[in-house]
Each structure stands twice: as C-alpha cells, then as structure tokens.
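Visitor: Quick note on numbering: UniProt numbering labels position 43 of the sequence shown as 43, and the sequence is numbered without any gaps. Where a beta carbon is used, it is the ideal one built from N, C-alpha and C, also for glycine.
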Amino acid sequence: QLVPPFKPQVTSEIDTRYFDDEFTAQSITITPPDRCECRGGDHPGPRAPSPQGHPMGPPRV
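1. Please classify residue 140: does DSSP put it in a helix, a strand, or coil?
2. Of the choices 14, 18, 1, whose alpha-carbon is the least far from that of residue 7?
3. If you draw a straight line from the alpha carbon of residue 15 to that of residue 32, how long is it in whole angstroms?
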C-alpha cells in the first residue's frame with residue numbers, strides 16, 4: 001500500500017479550497033442538454049431509458 005504524497009485537510013463535505021476556481025466557479029447544469037455537445041453537437045444527446053430499464057433495450061441472446 002502506498003502513502004499519498006499529499007493528504008488535504010478537509011473540514012466538511014463542501015470544502016472545495018483545494019479545487020481550482022476554474023472548476024468551482026462554473027455554473028451548475030442540473031439537466032442534460034437537448035443535444036450532445038461532444039463532436040460539434042451533430043447527434044442527439046443520451047437516450048432515455050427504455051421500459052426495460054436499459055437505454056439499448058433488453059439484452060439480445
């Protein structure tokens with residue numbers, strides 16, 4: 001087992017002092033976007049789960 005080189009002193013679950021402001025200053029998005037922002041947004045975002053509970057439907061055997 002390795003000893004970490006740095007162990008931050010965290011005071012609570014919301015203590016973000018060790019995270020760069022670049023990340024903590026971003027706005028929070030609760031819902032996914034309508035279109036996928038990857039690769040230029042040329043295809044739909046993630047599909048909703050099917051009635052069987054999996055985005056691709058039931059497993060095929």
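Guide: In short:
1. Because the chain here runs from 1 to 61, residue 140 falls outside it and cannot be looked at.
2. Stepping through the sequence shown from its first residue, residue 7 is reached at position 7. Of 14, 18, 1, the residue nearest in Cα terms is 18.
3. Along the sequence shown, one-based indexing puts residue 15 at 15. Along the sequence shown, one-based indexing puts residue 32 at 32. Distance between the alpha carbons of residue 15 and residue 32: 26 Å.
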